[in-house]
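Following our numbering, the numbering of the sequence shown begins with 732 at its first residue and continues without gaps. Don't be surprised by glycine CBs; every beta carbon is placed ideally from N, CA and C. Just so we're clear, the structure is a prediction, and the values are computed from it rather than from any experiment. Report on the following structure.
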Amino acid sequence: MKDDTLKSVEHKLDILEGKLFDMEKENDNLKSKINQLEKQLVTTNEDKAQNITNLKKILHDKTGQLNNLEQYGRRNNIRISGISESLEKNTNESAETTTNKIVHILKEKFPKINLQESDIDIAHR
């Protein structure tokens, strides 16, 4: 009976050792996968950080280009203040009307200047 009990215990011990070995193997595999995923995560984060840096540089460059274009677009612009508006309420003055007013006022103030409506690209309030 002692031999049977001893054999039974040894058999159960062998089974437990096998299960322990399988679990250790699975644990090692999981550790390996975790390490691999951590490396991928680091690489992905580095790539994203580089992309963000590149996008910030592009944004900075485009902002400068936009500013230059805006400045270029205003190179022939002048601002004239003190021109009275129509006394009528809710009147939206057309660009042509504003241009005519500007030409008329400037011809009065500076008679030596030969200014035509065609010299003005656009006039607005």
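Checklist entry - Quick one, are the C-beta atoms of threonine 830 and isoleucine 851 less than 8 Å apart? => result yes
Next on the checklist: Our contact map puts isoleucine 809 next to lysine 832 with C-beta atoms below 8 Å; I'd like the distance itself, whole angstroms only.
Outcome noted: The Cβ separation is near 14 Å, so there is no contact.
Next on the checklist: Quick check on DSSP: helix, strand or coil for glutamine 796?
Outcome noted: helix
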